[in-house]
Amino acid sequence: MIDNLLIGLNAFADPMVLVGLIAGAFIGYLIGAIPGLGPSLGIALMIPFTYSMDPLVSIVMLVALFAAAEYGGAISGILLNSPGTAAAVATTWDGYPLTKQGKTGIALNISIISSGIGIFVSTILLFFTAVPLSEYALNFGPSAYFALALLGLSLVSSFSSGSMLKGALAMGLGLALATVGLDSQTGVPRFSYHPDFFEGLPLVPVLLGLFALSEVLFMIEAGASHKVKNQPMSGILEVPFKTFYKMKYLFLRSSLIGYFVGVIPGAGASIGSFISYAVAKRFSKQPELFGNGSYEGIAASETANNASVSGSLSPLLALGIPGSATTAIMIGALMIHGVQPGPLLFTTNPEIPYTVFVSLWLSVPIMVFIGLAGARFWAKVADIPRPAIAAIVASISLIGAYASTSSMFPVYVALTFGVVGYVLRKANIPLAPVILALVLGDMLETNLRRALSISNGDVTTFITNPLSATLLAIAALSFLLPALGLFRKKVKGYRAH
Amino acid sequence: MSIESADAETSEVVHKTLIIRKKWLELAVYFVLLIATALYANDALKLPSYSSSGIGASGFPLLVAMLIGVSLLFLIMVSFLSKANSESDSLVEVSRPAQVLLSMMVMVAVVLTLEWLGLIVGIALLAFLLMKLGGENRYSLLLTLPPLLALSIYAIFVLVLGVYFD
Chain L
185 MIDNLLIGLN AFADPMVLVG LIAGAFIGYL IGAIPGLGPS LGIALMIPFT YSMDPLVSIV
245 MLVALFAAAE YGGAISGILL NSPGTAAAVA TTWDGYPLTK QGKTGIALNI SIISSGIGIF
305 VSTILLFFTA VPLSEYALNF GPSAYFALAL LGLSLVSSFS SGSMLKGALA MGLGLALATV
365 GLDSQTGVPR FSYHPDFFEG LPLVPVLLGL FALSEVLFMI EAGASHKVKN QPMSGILEVP
425 FKTFYKMKYL FLRSSLIGYF VGVIPGAGAS IGSFISYAVA KRFSKQPELF GNGSYEGIAA
485 SETANNASVS GSLSPLLALG IPGSATTAIM IGALMIHGVQ PGPLLFTTNP EIPYTVFVSL
545 WLSVPIMVFI GLAGARFWAK VADIPRPAIA AIVASISLIG AYASTSSMFP VYVALTFGVV
605 GYVLRKANIP LAPVILALVL GDMLETNLRR ALSISNGDVT TFITNPLSAT LLAIAALSFL
665 LPALGLFRKK VKGYRAH
Chain R
448 MSIESADAET SEVVHKTLII RKKWLELAVY FVLLIATALY ANDALKLPSY SSSGIGASGF
508 PLLVAMLIGV SLLFLIMVSF LSKANSESDS LVEVSRPAQV LLSMMVMVAV VLTLEWLGLI
568 VGIALLAFLL MKLGGENRYS LLLTLPPLLA LSIYAIFVLV LGVYFD
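Structure (structure tokens):
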């Protein structure tokens, strides 16, 4: 394991890999700092720029972007009370009160350092859990893989929306989109009314449409943004070490919470930060400060939401199962470069996962430096006029879609999915399960058919295998428990009347 | 469905807001998806159901169609039966609907004429129109950002990344 870590470290002998890391961290901050953009949209927008890059450089860049964008969301939250990402909402509860007290610099400093600690500690956990998990997963058969993919999908579907039915619908839509193209086992064209569809729906244009172009329409709807008052950054380099030392157990606890919540498909950074915030408040000697400018509140939320970045990479790297829209987009980016995440990745291309580990660790000092040194700049970024951002995002999305195959077909796909994404979001249908199902659809179908073929069409093969039976039971529970909860609530409501 | 005036901006421009009952919007989306699912299932039925290795090309799509169909039927049922918790819960607002619709049309028009316009002019025009539709009225920004953006995109994609545009 240590030898492989040296392989990962060795990748940084190529200066371009380091440049990719720095560029990714910088762009991640930029994207995270702008309200409305976030890691998913950021990675989708960056994929077209990586087509001609070396796979390692592009993967390092996207990983650094993911981590930095997750932090960047806190900047606009602290400065404007408008979190750039859902995961930064809890940070805003204490960050913005500190800004109102004239302590913007202190709030930004604590959030940046906490984010760095969260990533550092959680990457150690990733290192020690992803490798054994991938080794265990090597024993999975088709039925276990089918059950695992279904579990990932069902957890994301039931977590990502207030309504599990809408989650199931979104999952179904994504799976239907995944069936377009030549059937991988028989070569029969399915739902392909033009030869352009034979290779299936191109993933990057679909991502750009669903995430970026639909967001452009939302920005147009919101209109021009208000001019923001400049905040003094006093105190940004003056937070004493003992402030952080006092919070050592909070950092450890929040990193653990963030990491393990991040591992669960569909849970993600926002749930991790909320849980961590609540736990920190419970253990705090000054719980009354929470919501009024507590340093611990900011530290708990930021440590956990950044720790969840490593957590979400664990099932992606070890099992090839993305647990969120962002990691689903990451899997798409990896596949473009011919890298198939999953248990075999650790033996066939060990340089990829181990470079990811090392780049996460190395991103910490870079992120802290970029964050602290550029605080005034990030404050201004949050103030870029919204129509200008809409124009930039739309232009990059359309040209990025074109660049995927140097033809107009992907551009039409991106445009279509831009409108579809806008309508689905207006109807409150979540996009994360759509994209996850689109990415996992082929794997799900292939393993279903393989398992049935091996068992001569006997469907009980999924129940007789203990692992797949357990995974399927959890998948079923993830749908049934919210339904039961809703049913009990309704019954209570009727009784109360 | 109604159209109301709402003061959307800091500027004194008054914009229309389209207010739709959430229930009707959702039902409209569900019915469109139901029709699409029926067509999808119909096409799936025409695919071979068996292959030499067992389950054929139609098996999985039919399962997916069933999942979507059942979800939609339940959602339609829930939409008809449920009562909105509050007035705001039952409404969906589309601020600046004309601008949103025009933005979609601008994107389609620029994409369809991109080969004729060329990359630089096409992107500059797209950026200018989207910024204008987005409510930007400062000509200093409207006249500088679009050409700069177009030139940057040309430099990155064509000169650095080697993407070929006809």
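Taken in order, these protein sequences are the chains called L and R.
Basically our numbering = 1-based index in the first sequence + 184.
Basically our numbering = 1-based index in the second sequence + 447.
From the three backbone atoms N, C-alpha and C, an ideal C-beta is built for every residue, glycine too.
As the structure is a prediction and not an experimental result, all values here were calculated from the model.
Query	Result
VAL565(L) to LEU349(L) span [Cα, whole Å]	38 Å
GLN470(L) classed as buried or exposed, judged by whether at least 16 other C-beta atoms fall within 10 angstroms	exposed
Bridge partners - PRO199(L), DSSP secondary structure assignment	Looking at the DSSP assignment, PRO199(L) forms no beta bridge with any residue, so it has no partner.
Run of the beta strand (DSSP E) containing GLU177(L), from where it starts to where it stops	A query on residue 177(L) cannot be resolved here, the shown segment of chain L reaching from 185 to 681 and no further.
Cross-chain neighbours of PRO593(R) in chain L, by beta carbon under 8 Å	ALA575
At least 3 beta-carbon pairs within less than 8 Å: the region 561-576 of chain L vs the region 513-533 of chain R	no
GLY358(L) versus ALA621(L) - alpha carbon distance	5 Å
GLY212(L) versus ALA509(L): straight-line alpha-carbon distance, rounded	16 Å
C-alpha gap between SER439(L) and TYR433(L), whole angstroms	10 Å
ILE600(R): contacting residues in chain L (beta-carbon distance under 8 Å)	SER579, ILE580, ILE583
Contact residues within the region 366-378 of chain L, judged by C-beta distance below 8 Å to chain R	ASP367, GLN369, THR370, VAL372, ARG374, PHE375
Identity of the residues DSSP links to VAL539(R) by a beta bridge	ILE467(R)
Distance, LEU401(L) Cα to MET551(R) Cα	8 Å
9 Å Cβ cut-off: residues of chain L touching ILE466(R)	Neighbours of ILE466(R) on chain L: none; closest Cβ ~12 Å, over 9 Å.
CB contact flag (LEU588(R), PRO569(L), <8 Å)	yes
Contact list for TYR586(R) against chain L, beta-carbon separation under 7 Å	Chain L residues near TYR586(R): none, gap ~13 Å exceeds 7 Å.
C-beta neighbour in chain L for ALA574(R), strict 8 Å	yes
Contact with chain R by PRO471(L), beta-carbon distance below 8 Å	no
Closer than 7 Å at the beta carbon, the chain R residues around PHE561(L)	Simply none; closest approach about 18 Å.
Range covered by the alpha helix (DSSP H) that runs through GLU480(L)	479-503
Exposure of SER368(L), with buried meaning 16 or more beta-carbon neighbours within 10 Å	exposed
Cutoff 6 Å; reference LEU385(L); Cβ partners in own chain excluding five residues on either side	LEU361, VAL364
Candidates GLY226(L), PRO534(L), LYS287(L): closest to GLY268(L) by CA position	GLY226(L)
Sufficient close CB pairs (3 or more, under 8 Å) joining the region 509-519 of chain L to the region 305-315 of chain L	no
Per-residue DSSP class, three states only, for LEU309(L)	helix
is_contact[LEU596(R), chain L] using C-beta, thresh 8 Å	yes
6 Å CB neighbourhood of VAL241(L) in its chain, flanking five on each side removed	MET200, VAL201, GLY204
LEU576(R) beta carbon less than 8 Å from that of VAL555(R)	no
Contact under 8 Å by Cβ, ALA488(L) with GLY442(L)	yes
Closest Cα partner of PRO219(L) within the set LEU249(L), LEU264(L), GLY286(L), ALA502(L)	LEU264(L)
Per-residue contacts from MET403(L) into chain R (C-beta, under 8 Å)	GLY581
For MET403(L), the first and last residue of its enclosing alpha helix (DSSP H)	398-406
Residues bridged to GLY365(L) [DSSP beta-bridge criterion]	ARG374(L)
Pairwise C-alpha distance: LEU397(L) and MET237(L)	24 Å
Sheet register partners of TYR497(R) (DSSP bridge)	ILE502(R)
Where LEU577(R) meets chain L, residues with beta-carbon distance less than 8 Å	VAL400, ILE404, PRO571, ALA574, ALA575, ALA578
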